[in-house]
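Heads up: the structure comes next, in C-alpha cells.
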Amino acid sequence: MNKSLNPSSIRSKKEITNALLKLMQDHSYSEISVKQIVLDTPLERKTFYNNFSSKDDVLDAIISNAIHEYVVALTSAPDGPLSVIFEFCDKNRELL
232 MNKSLNPSSI RSKKEITNAL LKLMQDHSYS EISVKQIVLD TPLERKTFYN NFSSKDDVLD
292 AIISNAIHEY VVALTSAPDG PLSVIFEFCD KNRELL
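Listed below in C-alpha cells is the structure:
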C-alpha cells in the first residue's frame with residue numbers, strides 16, 4: 232500500500248476500502264476482482280494501482296487499520312481491556 236498522506240490519496244484509499252467491504256457483504260472474497268472494486272467507486276483503475284498493489288493489499292490495509300485502532304484504544308483505555316474488546320467488536324462487526 233502506498234503510504235501517501237496526500238488528502239486525495241487518503242480519500243481514494245477510503246473509497247477503495249469501503250468498496251471492498253461493501254462487495255464482501257454480497258460476494259465471497261475470492262469472487263471479487265479489482266475491476267469490481269474499481270467499478271464500485273468513481274475512481275479509475277490507475278488510481279487503484281497508485282494506492283494498492285492488489286485486492287489482498289486492500290484487505291491488509293483494512294485489517295492493519297483495525298488492529299492499529301484496537302491497540303491505540305487498549306493502551307489508552309481507563310476502564311480496562313474488556314470494554315475495549317466489546318467496543319471494537321461492535322464497531323467492526325461487518326469486518327469480523
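Residue numbers (this note's numbering): 232 to 327.
Beta carbons: idealized from backbone N, C-alpha and C, even for Gly.
The structure displayed is predicted, hence computed values, not measured ones.
Within the model, the alpha-carbon separation for Ala-304 versus Lys-322 is close to 12 Å. According to the DSSP assignment, Glu-246 belongs to the alpha helix (DSSP H) that extends over 238-257. Buried is the label assigned to Val-269, since at least 16 other Cβ atoms lie within 10 Å of its Cβ.
The three-state secondary structure of Ala-308, taken from DSSP, is coil.
Apart from sequence neighbours up to five positions away, the residues of its chain that approach Phe-319 with a beta-carbon distance below 6 Å are Tyr-301, ordered along the chain. With distances taken between CA atoms, Ala-250 lies nearest to Phe-279 out of Leu-236, Thr-306, Ser-235, Phe-279. Distance from the Cα of Leu-254 is smallest, within the candidate group Asp-271, Lys-277, Lys-245, Ile-241, for Asp-271. Its chain contains Asn-233, Asn-281, Asn-282 as the residues whose beta carbon lies nearer than 8 Å to that of Ser-240, once the 5 sequence neighbours on both sides are disregarded; these appear in chain order.
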